[in-house]
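According to UniProt numbering, the sequence shown is numbered sequentially starting from 1. Working notes, beginning with the structure itself.
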Amino acid sequence: MVFQSVYYLNGGEGSRKSKRFYMGFSATLLALITIALACNVFFGQEMWIEHRDVEGGPAAFFAENIAAWYNTLGTAADVTANILGDGLMLYRCHVFWGHSSLAMGFPVLLYLASVAMGITTTIQSGLPGHNLFRGITVNFGIPWIVLTIVFNIIVTAMIAVRLLSMHSKVNRVVGEAMRKKYTGLLAILVESALPFTLLGVCYLATYIREIPESLAFADIWGAFVTISPQAIILRVAMGGAWTRETFNRLESGMEMSVMEGGGRDAHNEVEPDIKSHSSGSHV
């Protein structure tokens with residue numbers, strides 16, 4: 001997905017600064033998920049292969065070394081990726097709701113609280129004798145996951161509402177292909193990172209109960225921490241994501257539609273502009 005994004009960004013239109021930002025963001029996410037995965041794989045090798053014969057077996061090694069530096073590094077990489085991914089979601093929400101400071105206030109506060117709890121959880125999990133999935137660290141981890149989930153649910157809802165509210169207006173000024181592109185289910189799911197939110201709910205349900213299944217959901221959810229924002233970047237690179245310019249062009253088309261009676265002429269004027277704009281990258 002990263003290489004696809006870079007390919008489309010290189011071949012598309014848009015400012016060089018914007019392209020460099022998205023390329024750098026993608027590379028950072030790729031590096032973070034690679035670090036997190038490498039740390040998990042190394043811990044697995046140590047637990048299941050190198051030290052399998054320790055007293056108590058792999059379970060005892062897990063409990064004894066869960067706070068090892070490489071596990072803390074992996075947790076820090078995932079938390080950092082989550083902060084960046086939520087930041088991208090906050091920006092996408094701003095694209096839709098930037099006209100309303102009041103609407104953006106609550107998501108911003110949730111985001112800052114989530115960042116603070118994520119950092120606190122990482123530090124707590126790295127203390128000697130502490131366990132990310134057990135004991136006092138869970139008291140910090142639960143609020144962090146809850147804040148992240150609530151943040152994504154609220155931002156998801158705000159983006160979905162904005163997309164759906166534009167549906168009838170888009171119908172008047174663009175063709176069938178463009179309606180599907182900008183208001184279809186795929187656009188809502190990818191733009192709002194809904195899979196990440198749903199997986200977060202599953203992870204939280206197992207994490208609260210401190211059951212072994214939480215480890216599996218932690219790995220899957222940790223992967224989507226980077227997959228979801230990268231999917232948004234890929235849509236931006238391919239020209240399929242909403243931008244401020246999208247709204248400006250649609251609004252211009254709507255005004256033209258009103259002035260000219262809303263007929264086929266308005267459709268013919270607006271759609272080429274949007275197609276031209278969507279052929280490359282965006283802000």
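Virtual Cβ for every residue (Gly too), placed ideally from N, Cα, C.
Original post:
Does the distance from the CB of C202 to the CB of F217 come in under 7 Å?
Top reply: The answer is yes: Cβ separation under 7 Å.
**OP:** Indicate whether M89 and A237 have their beta-carbon atoms separated by less than 7 Å.
**Re:** Result no, Cβ atoms of M89 and A237 do not sit closer than 7 Å.
Original post:
So, helix, strand or coil for R52, using DSSP?
Top reply: In the three-state reduction of the DSSP assignment, R52 falls in the coil class.
**OP:** Report the residue from G85, V79, R20 and G135 whose alpha carbon sits nearest the alpha carbon of G118.
**Re:** When each option's Cα is compared against that of G118, the closest is V79.
Subject >> Cβ neighbour criterion (16 or more within 10 Å) applied to Y7 >> reply: Burial is judged here by how many other beta carbons sit within 10 angstroms of a residue's own beta carbon; Y7 has fewer than 16 and is exposed.
Subject >> Burial state of D86 (16 or more Cβ within 10 Å) >> reply: Classification for D86: buried.
Original post:
What is the rounded straight-line gap between the Cα of S165 and the Cα of T156?
Top reply: Using only the alpha carbons, I get a separation of about 14 Å.
Original post:
Nearest to I123 by alpha carbon, out of A77, Y91 and F62?
Top reply: The shortest Cα separation from I123 among A77, Y91 and F62 belongs to A77.
Original post:
Does the segment 63-70 come close enough to the segment 37-48 to have 3 or more Cβ pairs within less than 8 Å?
Top reply: Yes, the segment 63-70 touches the segment 37-48.
Original post:
Roughly how many whole angstroms lie between the Cα atoms of H51 and A63?
Top reply: It is roughly 13 Å from the alpha-carbon of H51 to the alpha-carbon of A63.
Original post:
Considering only the beta carbon of each residue, do C39 and G74 sit closer than 7 Å?
Top reply: The answer is yes: Cβ separation under 7 Å.
Subject >> G98 burial status per 10 Å Cβ neighbour count (16 or more: buried) >> reply: G98 is exposed by the Cβ-count criterion.
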